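Okay, so here's the structure we're looking at.
Number of protein chains: 2
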Amino acid sequence: MTTPAPRRPRQDAVDNRAGILSAATTAIAHDPQASIDTIARSAGLSRRALYGHFADRNALVTEIIDAGAERFNRIALSVTDPDAQLALARLTSLLWQEAAHVQVAASIALDDAHLASTGKALAPLRAAVAAILQRGQDDNTLRTDVDVATLARLVEEAARAAITRVDAALPEARSLAVRTTLSMAGLSWRETVALLEQHPEILGDPAADAAPATDVER
Amino acid sequence: MTTPAPRRPRQDAVDNRAGILSAATTAIAHDPQASIDTIARSAGLSRRALYGHFADRNALVTEIIDAGAERFNRIALSVTDPDAQLALARLTSLLWQEAAHVQVAASIALDDAHLASTGKALAPLRAAVAAILQRGQDDNTLRTDVDVATLARLVEEAARAAITRVDAALPEARSLAVRTTLSMAGLSWRETVALLEQHPEILGDPAADAAPATDVER
DNA sequence: AATAACTTGCACAGTACTGTGCAAGTTATT
DNA sequence: AATAACTTGCACAGTACTGTGCAAGTTATT
């Protein structure tokens, strides 16, 4: 006998799998301990069907973490401003756009059960942040009263607070996240406001082209 | 028949009750979902005995929240500096001393199950913080690019981050908590360092009376 | 010394899950 | 139209708890 026809997965199954991941992302962002039943039902499936797509809860959570982490790490690599203040501002602004996924990371990252795997997945992002902060300390554009490792943690927490504890629907939410992060990095609020006025493209304002002194490479 | 002799509780029972509260404070700070068994055993008692002192898990948690909140609220009332920057610095410094209790509050406050009761208990503290921030915005000594309510949340999160995410055993932990809070309130890190140099008593350093210009950088 | 107060250990009922097996259905693909 | 792939619903075993009752033991207080 030959190999049994290797048919590829049915389209509805592919969609359902994606639906589960999406539902789980939302549900877990809301409550890291959301039950399998809650997730399955909010994806329009039975609990039993979910186990046809994921071996167990951990497999599902791991896949969400990895997917989210990959987006973050990709963003981190895309930020290349030599100026540390600008780099930190741009990174925060870009990450904010991924708010839904960031919230998952924020929730799971605080969950002891997955601390280790989350940490590994986010390593590139954290390395990028540490590099930016180190650069800023070296040329004295960011605070030097805290060592880089501690500063990285504080900046991460500040960003997390701004993203998870402020209504993302507010028009100034994104700007607030950026200003919060820069505050934690040592700038006064006036410096931060001035910086963002000089670089309106950081906040992705489409009507910001006509701004006075915009001269940043693309 | 007369009333059955109203004897007061035995000393060992009083001690055990206090021991449970103390063990629960520590355990819950570490993990808000710590089980009754874990708490009872770490207090050196059986799970069954704990139920002799508290009706259920909620009664225990409520008592911890209320006790912690009372300490915080008392501290908040004791801070009377007219200068908003100083007031915020002193408040943070004093609260930091209650680290163990702060950590419980930090953990429980993030726990949806007790969000409401924690909020009610901490209302006086939050009102005091809001008053300080409002004062600082009125006389332009704190940032005015964020409304008071949002700023209060961000400052609270910054303090929480500095207290829970940094090793409290480090000698500079307390100073760090204060600097973090002031950063979030809009000051640059240099302004913060200067403020603390001018008011060494805020950090409660006993040998800081004569200190002219202690270098904070390392 | 007497005794009320307290603690322990065990059994038990209840809750809220996770993960698996299986038969009976439904649906996409060939 | 045939069929492999998928989903459902149900039953079941297992885990990790919470909270209660009760008998037997221990300890502080009178």
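Those sequence lines, one after another, are chains C and E. According to our numbering, the first sequence is numbered sequentially starting from 1. According to our numbering, the second sequence is numbered sequentially starting from 1001. The beta carbon of each residue, even a glycine, is placed where N, CA and C say it ideally should be. Every value quoted in this text rests on a predicted model; they were computed, and no experiment measured them.
Taking each of Leu154(C), Ile163(C) and Thr141(C) in turn and checking the Cα distance to leucine 187(C), the smallest one comes out for Thr141(C). By the Cβ test, the stretch 119-129 of chain C is in contact with the stretch 59-75 of chain C, since at least three Cβ pairs between them sit closer than 8 Å. Against chain E, the CB of alanine 177(C) has no partner CB under 8 Å away; the residue lies outside that interface. In the DSSP annotation of this structure, the continuous segment of the alpha helix (DSSP H) that includes serine 1183(E) starts and ends at 1173-1184. DSSP places glutamate 201(C) in no alpha helix (DSSP H); its state is neither H nor E. Contact annotation for threonine 150(C) against chain E: Val1166 and Leu1176 [CB-CB distance below 8 Å, chain order]. Non-local C-beta neighbours of tryptophan 96(C) in its own chain, meaning closer than 6 Å and more than five positions away in sequence, comprise Arg174 and Ala177, ordered along the chain. Against chain E, a Cβ distance below 7 Å from glutamate 191(C) picks out Ser1188. Between valine 1148(E) and glutamine 1137(E), the C-beta spacing is below 8 Å. Under the three-pair Cβ rule at 8 Å, the stretch 50-60 of chain C does not count as touching the stretch 76-96 of chain C. Against valine 146(C), the close residues of chain E are Leu1176, in the order they occur along the chain (beta-carbon pairs closer than 7 Å).
Put simply, the CB of serine 183(C) is near chain E, with a gap under 8 Å to one of its CB atoms.
Shown here, asparagine 140(C) sits in coil according to DSSP, grouped into three states, outside any helix or strand.
The contact set of threonine 62(C) on chain E, defined by CB atoms closer than 8 Å, is empty, because the minimum CB distance reaches about 21 Å. At least one CB of chain C lies nearer than 8 Å to the CB of leucine 1154(E).
Taking the Cα of valine 14(C) as reference, the smallest distance to any Cα among Val193(C), Gly44(C), Ile36(C) and His53(C) is reached at His53(C). Contact of threonine 180(C) with chain E by beta-carbon distance below 8 Å involves Leu1154 and Met1184. Threonine 1080(E) sits in coil when the DSSP states are folded into three classes, being neither helix nor strand.
Between isoleucine 1065(E) and threonine 1025(E), the C-beta gap is not smaller than 8 Å, which leaves the two residues out of contact. For the set Thr164(C), Ala18(C) and Ser78(C), the Cα lying nearest the Cα of alanine 105(C) is the one of Thr164(C). Valine 166(C) and isoleucine 132(C) have their C-alpha atoms spaced approximately 25 Å apart. For the set Leu1050(E), Ser1046(E), Leu1021(E) and Leu1151(E), the Cα lying nearest the Cα of serine 183(C) is the one of Leu1151(E). Beyond the five residues adjoining it in sequence on each side, alanine 43(C) comes within less than 6 Å, by CB distance, of Gly19, Ile20 and Ala23 in the same chain, given in chain order. For glycine 19(C), the uninterrupted alpha helix (DSSP H) run begins and ends at 11-30, by DSSP. Contact between serine 107(C) and proline 32(C) holds: CB atoms are separated by about 5 Å, below the 8 Å threshold.
Just measuring C-alpha positions, the residue of Ala1034(E), Arg1047(E), Gly1119(E) and Thr1144(E) sitting nearest alanine 1069(E) is Gly1119(E). In chain order, Arg153, Leu154, Glu156, Glu157, Ala158, Arg160, Ala161 and Met184 make up the part of chain C whose C-beta sits under 9 Å from the C-beta of alanine 1161(E). The beta carbon of aspartate 1139(E) sits closer than 8 Å to the beta carbons of Ala1084 from its chain, once the five residues preceding and following it are set aside; these are given in chain order. DSSP, reduced to helix, strand and coil, places glycine 1068(E) within a helical segment of the structure shown. At a cut-off of 8 Å between beta carbons, arginine 143(C) contacts chain E. If you compare the alpha carbons of Ile39(C), Ala89(C) and Ala49(C) with that of glutamate 197(C), the shortest gap goes to Ala89(C).
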